[in-house]
Each structure stands twice: as structure tokens, then as C-alpha cells.
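Okay, structure first, notes after.
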Amino acid sequence: MRIDACWKLVRLEHSFMLAVAVAVGEAIALHAIPQYNLLLLSILPPMLVSAASFAINDYFDLKSDRINKRMDRPLVSGEITPRNALLLSLLLFVLGIAISTLINFNCFLITLAFAIFAYLYSFKFKDIAVVGNVYIALTMAVPFVYGALAVSIEAPSPVLLLSSIAFVSGLAREIMGTARDVRGDRKGRGSKTLPMLIGVRNSLMLSSLLYIIGIALSVIPYLYIKPYAGNILYAIPALLADLMLAYIAVFSLKETSAGFMKSSRNISLAAMCVALLGFLIALMV
1 MRIDACWKLV RLEHSFMLAV AVAVGEAIAL HAIPQYNLLL LSILPPMLVS AASFAINDYF
61 DLKSDRINKR MDRPLVSGEI TPRNALLLSL LLFVLGIAIS TLINFNCFLI TLAFAIFAYL
121 YSFKFKDIAV VGNVYIALTM AVPFVYGALA VSIEAPSPVL LLSSIAFVSG LAREIMGTAR
181 DVRGDRKGRG SKTLPMLIGV RNSLMLSSLL YIIGIALSVI PYLYIKPYAG NILYAIPALL
241 ADLMLAYIAV FSLKETSAGF MKSSRNISLA AMCVALLGFL IALMV
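My numbering puts the first residue of the sequence shown at 1, with every later residue one more than the last.
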């Protein structure tokens, strides 16, 4: 398997985002930058399980991805065989769970739970309205809590707030994703996703509302939570991320093309990366 094809299969950029989220959760819980050996150990399970999740998802989604003409998917383009994708996902799941046992019991439980739900999501949960969207949103939110629990017995309130922001924004992004994939999900998987029940336009309106809620929540750290309160190093990236999400929220009210939804998901991913960097930089400087 070629490295670039494997990267596309496991969406490694998402794993790096999770690693940053874990680091932020640890730093907030410790009120300091975590030791590098602990940080490296703790980021590996989320990264590996995330990579495995994308691989198993593409394995189960092959038929619908072909209908949607997703040539960016290595299984559709033929760069990777379904069998190899399945084997790779199983290997990554096992490695992620095994490494989590070296951290603590809480991290092991979280890793095991998300590995199980990743399989169930790809197999069936994503076909159920809202359930699949909520699961994916949780995968974006829980890494903050996971990071805090890797170094502490509980997650402090600032971590829970950041987790809430990630959850709301992630849910908005996933609802938009199901709106884009309606045709393939219906024909390829027989899904009953939210856009199939309430319509694409209504789903995009809900997505816009959730983005706006996420933007509103992002102001709270700047106003009340140290070290972000009044911190320009947080404010600038947060503002940039909010502007990107606001653009999506506004234009998705009148634009329903697949091209727009694809570009919007890319923009939202970039916004999340910028916001994560803001959280991390404000902690480090």
C-alpha cells in the first residue's frame, strides 16, 4: 500500500487534530505543559483508533462511496483493496487499545468504548438519524476530556466547555456531511439519515444554528477562563475560526449544492484546526 493512499484512507490529519485536543486537555488539567513522554504515550491511542475508524468506515461505505463517485477514497479508486483496509483497521484498533492500558484505567475504558462504537457506527449506527452524527461529534469532543483524565482524576470545567464547543461544531459539520451524501447513503446503505427525514435544506438550517451556538460558546473562554481570558493569542485564532464558521452558517442557508457542502466541510475542518492552535498557543506562551 502506498503511503499517500494510506494517509487518505485513515485521514491522518484528523488524528493530528485529536492529538492537539488531548494536549490541550492535559495542559489545562495540569496548568502546565505535560511532560513529553506522557504526552506522546497519551496521544497514540486516540490517533490510532481514529485512523482505524476511518479505515473501517471506508470498508463498509464502499458501495455508497462508489454511487457518490468518491474517487478521493482509496478503496473506490482501487489504490487499496477492501481486505487490506479491513486488516489495517483491525491492527490499528488493537494497537490503540493495547497502548491505552499503559496510561490508566479511565483512558483504557474511553479507548475501548470508542473502538467498539467506531465499528458499530460504520456497520449500522451511521444509518440511523442523528445517532451517527452524535457519535462523530463525540469523537471530536471527548479527546479534551481524555487528555485531562490522562493526568488527573477528573476533567476541570474549562475542559468540559472546550469539549462542548467541539461537540456542537462537530455535530454541525456531520449533519452537513450527511446532507451531502444523501443519494449514496440511500441507495448504497439504505440509510435513514436526518436529511432523509427532514430534508436537506432543513438539515442545513440546523447545521447553521449549531455553528452559531459554537461561535457563541467560543467567546466564553476569552471572557472568563484563564489563561484565555483577555488573551490576544487566543482571541485572534478564535476570531478567525469563528469567521470561517460564520461564513458557512450564513451561506448554507441559501446554498445546497454538493460542491458547496464539500468545500464547507473542508473550511470547517480548517476552522477547527485554527481554533485548536489558538487554545494550545495561549497555554504555552
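For glycine and all other residues, C-beta sits at the position ideal for the given N, C-alpha and C.
By the criterion of at least three beta-carbon pairs nearer than 8 Å, the stretch 47-59 is in contact with the stretch 100-118.
Under the three-state reduction of DSSP output, Ile-128 falls in the strand class. Between the C-alpha atoms of Phe-167 and Ala-141 there is a straight-line separation of about 5 Å. Beta bridge pairing from DSSP links Lys-192 with Ile-128. Inclusion of Asn-202 and Leu-171 in the CB contact set at 7 Å is not warranted, their separation being larger than that value. In the three-state scheme derived from DSSP, where H, G and I count as helix and E and B as strand, Gly-147 is classed as helix. Under the three-state reduction of DSSP output, Arg-73 falls in the coil class, being neither helix nor strand. By the C-beta criterion, the stretch 94-110 is judged not to be in contact with the stretch 22-35, since fewer than 3 inter-stretch pairs fall below 8 Å. DSSP, read as helix, strand or coil, puts Ile-198 in helix. Classified as exposed, Ala-216 has fewer than 16 neighbouring CB atoms from the shown chains inside 10 Å of its CB. Ranked by how close their Cα comes to the Cα of Leu-210, the residues Arg-83, Leu-239 and Ser-169 have Ser-169 in first place.
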